[in-house]
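Taken in order, the sequence shown gives residues 1 to 53; the numbers are from the UniProt record's numbering.
Report on one structure; see the data block that follows.
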Amino acid sequence: MAHLSGLHRTYISLVERGGRNISVLNLLSITGVLGVDVGDIVTGLIREPQIKP
């Protein structure tokens, strides 16, 4: 996957383990290689803002 996405394997490993944040462009590269939609990856990660009364 690293070779096909143009990203370094250690970077991908760090992202997988939560050691690095991923940019939108890198996420697009990885999902393109995997053949999945970005929405499939991030669904459920975005929280609605909490409004305090």
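Cβ atoms here follow ideal geometry from the backbone N, Cα and C, with glycine treated the same way.
Bear in mind the structure is a predicted one, so any value in this text is a computation, not a measurement.
Own chain partners of residue i with C-beta closer than 6 Å, once the 5 adjacent residues on each side are dropped
i	result
P53	none
D37	none
Beta-carbon proximity of residue i to residue j, cut-off 7 Å
i	j	result
I22	V15	yes
S29	S5	yes
Residues near residue i in its chain [Cβ-Cβ closer than 8 Å; skip 5 each side]
i	result
R20	Y11 and L14
H8	A2
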